[in-house]
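Residue numbers (our numbering), protein chains in the order written: chain W, 1 to 171; chain H, 172 to 700.
Here the structure comes first, spelled out in structure tokens, and everything after it is commentary.
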Amino acid sequence: MSQAARQIQQEASALHEKEGKYLTFTLAQEDYGLEILKVREIIGMMEITAVPQTPEYVKGVINLRGRVIPVIDLRLKFGLEAAEYGERTCIIVVEVQSEVGPVQMGVVVDSVSEVLNINGDDIEPAPSFGTRLKNQFILGIAKAKGTIKILLDIDRVLTSEEITGIDSLGG
Amino acid sequence: MGWQNVTISKKILLGLGLTLALLGLLGIVSYMGVGRLVLDAENMIQGNRLDGLLAQKEVDHLKWADKLLEYVASGKTQKFDLVTDDHECAFGLWYYGAGRKDAERMAPGLIPVLKEIEEPHRLLHQSALEINKSDQPLDIYNNKSRPNLIKVQALLQKARQVSKSHIIGEEALAAAAVTTRRNIMVIGLAAMVFGLLIAFFMSRGIAKALTGITHQLEEAAEQVATASDQVSSSSQSLAQGASEQAASLEETSSSLEMIAATVKQNTLNAEECNRLVILTNEKTRDVHKSIRATKASMETIASSGDSIKKIIKNIDEIAFQTNLLALNAAVEAARAGQAGAGFAVVADEVRNLAQRAAEAAKTTDDLIGETAQHIQIGSNQIQETLTKFYDMGDSAKKVNQLVGEIASASLEQAREIDVINKASREMDRIVQQNAASAEESASASQELTAQSHQMKGIVDDLMTMVAGNVNGQHQEKNDRHSYRHGLTAIPQGFAAAPRKRNMPMHEHPSGEVLPEQVIPLDGDTFKKS
């Protein structure tokens, strides 16, 4: 009993730890959040150089001020329907922790919304079902301004063998 | 019977012919009877004369013989003056001359007797010569002269008898005269009876035929009278109708004049209309120009809107970039931790501004879009208006043409109305003529009525003449009276005749009028045939 209480306590504290600023964006009419410290930069859509022999969700690489950064399409990554890139389409450059150290990657989202300060009370754990995404991608569910925002654990989203594979793209 | 079909003239001719033939037969019979009587009388006279002659000759010869005897007795002392040639004596002259031939022709029985007498007569006269020469005169006288004398005497006696037998006696003559008279009487009586019969049948036949004809004539006259009455009334109504027609025609004429005036006004109006249509056309062209200018302006506005849209897009882009910058700034501020808190606020403000700018740009863009839409609608409407305008132009052209046609039609109408006017004048003239003709025909039919009444009177007269007293006697009298006077003044006669016909019989209350009173003719004229 106490163990369970302790686990809940732990979870609650873990959720409290997730309190902070999040960069929110939209993907297929749903709002998502990213830990702001993971974000390096937000850029508008730019030319993506396609790279052969990569999975479908890997769109290619971009040249960001002299640095070559791999770009993945989050829609494709999440198994969503592919969409045309528009004016509001942005690339969020994130820094993820991989086995080989921090790696910068571009994530294509439908649009970037704002930087939101989310209280720990507003964050709830990810449900075991009811979403398409695998649980390990989700930090939690945030309630803000009457809407639900899915807080993504971007390290987990992007840490896989593919990432390792594509990491070599960026020198 | 074929008698009914024979014409009256043939009947009369036949009757008269038969009667005349009978008369001729009577005349011939009379003439022949009297002629035979005359012949017989002549025969009797001649026979008597012959008888006398023969007696005279006998006596002459007796006297001659006495003289011869005296000469003989005197012993030839006396002068010998006796006729010795048998051809020289009175008898000899007759015997050898034309007298004997006449007598023989009259009485052929005399021929042998007279032949026989020649020889004794010659011998008698020869005896005288012998006596003169001979010495024995007495013997010769006794032997020759005396027997011959006796012979001659006997023969003459015989001749007298023969001639008498050939001569008609007075009794016979009287009897022949009686026969002739009887024959004439019988034939005459027969002719009279026959003639009477023919006259009776003929008059009956003719009267029958005439009666039938007069009945028919009477009927016909009545029919003619009624017909002419009808004609009279109808022609009067015709005359009335003609005058009504004339009045209608006058009305028509005045209406036509009014129509002509209206048509003239129409023509003027049509011309005015044409002018106005042309004016409208010009104005329409101006309006068309204006509309086109408006369209051009609107197109310019639309293109300006596009430019504005581009600008707004730029603004939006800038706002978006600004937003991105602000977000980046916020990221940087967060990364800076507590030190970047103020900066985060600024970044947020900047972001807000960028958001507002984007919103404003969006609103403007929406407005511009709306405007563009409106402009599009306006443009479409103008296009529609233009199309309609073109339609209107076509309509105006049509109107122009139609108005022109109306004007020309009005002119044509005016011309036609002139023609109609002329025709109506002609019609008026003809109607007047018709009216006059109808009146004439009315009066003529009245005259015809009068004439038919007269004809009826004449027919009644004829009836009376043919059949004697008839039922329509009094009427006929009156009618006769009327037609005799009606001949001088026909309309009055026509008016008077029917009235007179219906008048009661004042003149002959008895109702009996003899045909003789009506026809002043002697009854014998009809009886004799």
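Glycine included, each C-beta is placed from N, C-alpha and C at the ideal position.
(message) Quick check: the stretch 542-557 of chain H against the stretch 462-478 of chain H, are at least 3 beta-carbon pairs closer than 8 angstroms?
(response) yes
(request) Have a look at H:A362, H:S581, H:A299, H:N445 and flag the residue whose alpha-carbon is nearest the alpha-carbon of S316 of chain H. (result) H:A299
(message) By the three-class DSSP mapping on this structure, what secondary structure does I377 of chain H have?
(response) helix
(message) Taking the alpha carbon of A529 of chain H as the reference point, which residue from H:S612, H:D487, H:K568 has its own alpha carbon closest?
(response) H:D487
(message) My output table needs one value for E19 of chain W: the three-state DSSP class, helix, strand or coil.
(response) coil
(request) With DSSP as the reference, label L253 of chain H as helix, strand or coil. (result) coil
(request) Specify the secondary structure class of L80 of chain W as computed by DSSP and reduced to three states. (result) coil
(request) Out of W:E41, W:P125, W:P70, W:V112, point me to the one whose CA is closest to T207 of chain W's CA. (result) Any answer about residue 207 of chain W is impossible in this case: the structure gives chain W only from 1 up to 171.
(request) Hey, could you find the ends of the beta strand (DSSP E) N117 of chain W is sitting in? (result) 111-118
(message) Let me confirm a value: H437 of chain H is counted as buried when at least 16 other C-beta atoms fall within 10 Å, else exposed. Which label applies?
(response) Strictly speaking, residue 437 of chain H in this sequence is Asn, with His absent from that position. When all chains shown are included, N437 of chain H counts as buried.
(message) Can you tell me whether G186 of chain H is helix, strand or coil according to DSSP?
(response) helix
(message) Please state whether the Cβ-Cβ distance between D31 of chain W and Q97 of chain W is less than 9 angstroms.
(response) Taking a C-beta distance under 9 angstroms as the contact criterion, D31 of chain W and Q97 of chain W do not qualify as a contact pair.
(request) Measuring only between beta-carbons, confirm whether D477 of chain H sits less than 9 angstroms from chain W. (result) For D477 of chain H, the nearest beta carbon of chain W is not closer than 9 angstroms to its own beta carbon.
(request) Just the chain W side, please: which residues come within less than 7 angstroms of A501 of chain H by C-beta, in chain order? (result) V115
(message) Restricting to Cα atoms, I'd like to know which of W:N117, W:A82, W:V107, W:S111 is closest to V61 of chain W.
(response) It is W:V107.
(message) For A370 of chain H and L360 of chain H, I'd like the C-alpha separation in whole angstroms.
(response) Using only the alpha carbons, I get a separation of about 15 angstroms.
(message) Out of W:V115, W:T26, W:S111, which one is the CA nearest neighbour of E87 of chain W?
(response) Nearest of W:V115, W:T26, W:S111 to E87 of chain W, Cα basis: W:S111.
(message) From the DSSP secondary-structure annotation, give me the bridge partner or partners of P70 of chain W.
(response) W:V61
(message) Whole angstroms are fine: how far does the CA of S374 of chain H sit from the CA of K627 of chain H?
(response) Taking the CA atoms as reference points, K627 of chain H sits about 23 angstroms from S374 of chain H.
(request) Count the other CB atoms, across all protein chains shown, that sit within 10 Å of the CB of R522 of chain H; report buried if there are 16 or more and exposed otherwise. (result) buried
(request) Report the residues of the stretch 23-44 of chain W with a CB closer than 9 angstroms to any CB of chain H, ordered along the chain. (result) L23, I36, L37, V39, R40, E41, I42, I43, G44
(request) Measuring only between beta-carbons, confirm whether K149 of chain W sits less than 9 angstroms from chain H. (result) Not closer than 9 angstroms to any Cβ of chain H, the Cβ of K149 of chain W fails to qualify, so no.
(request) Could you pull out every residue in the same chain whose Cβ sits closer than 6 angstroms to the Cβ of E678 of chain H, ignoring the five residues on either side in sequence? (result) With a pLDDT of 41 at E678 of chain H, under the threshold of 50, the predicted position of this residue should be treated as unreliable, though the coordinate-derived value follows. Hits under 6 angstroms: none found.
(message) By the DSSP assignment, the beta strand (DSSP E) with E30 of chain W in it spans what residues?
(response) 30-35
(request) Pull up the DSSP beta-bridge partners for I150 of chain W, would you. (result) W:Y32, W:I141
(request) Could you tell me which residues DSSP pairs with G101 of chain W in its beta bridges? (result) W:S98
(message) With the cut-off set at 9 angstroms, would you say A391 of chain H and H624 of chain H are in Cβ contact?
(response) Not in contact: A391 of chain H and H624 of chain H (Cβ atoms no closer than 9 angstroms).
(request) Would you check if there are 3 or more beta carbon pairs closer than 8 angstroms linking the stretch 206-217 of chain H to the stretch 304-314 of chain H? (result) no
(message) Quick check on R463 of chain H: does DSSP put it in helix, strand or coil?
(response) helix
(message) Once DSSP output is grouped into helix, strand and coil, what is the label at E342 of chain H?
(response) helix
(request) Counting only the same chain and skipping the five closest in sequence on each side, list residues whose C-beta sits under 7 angstroms from that of I430 of chain H. (result) Answer for I430 of chain H: I588, listed in chain order.
(message) For the alpha helix (DSSP H) containing V284 of chain H, name the first residue and the last one.
(response) V284 of chain H -> alpha helix (DSSP H) spans 281-304.
(message) With a threshold of 8 angstroms on Cβ separation, who are the neighbours of P669 of chain H within its own chain once the five nearest residues in sequence on each side are excluded?
(response) Bear in mind that a pLDDT of 39 at P669 of chain H, under 50, signals an unreliable position, so the model cannot answer this.
(message) Which of the three DSSP states is assigned to V364 of chain H in this structure?
(response) helix
(request) Could you tell me if F137 of chain W is buried or exposed, where buried requires 16 or more neighbouring beta carbons within 10 angstroms of its beta carbon? (result) buried
(message) So R506 of chain H contacts chain W; which residues on that side make the cut at Cβ distance below 8 angstroms?
(response) I36, L37
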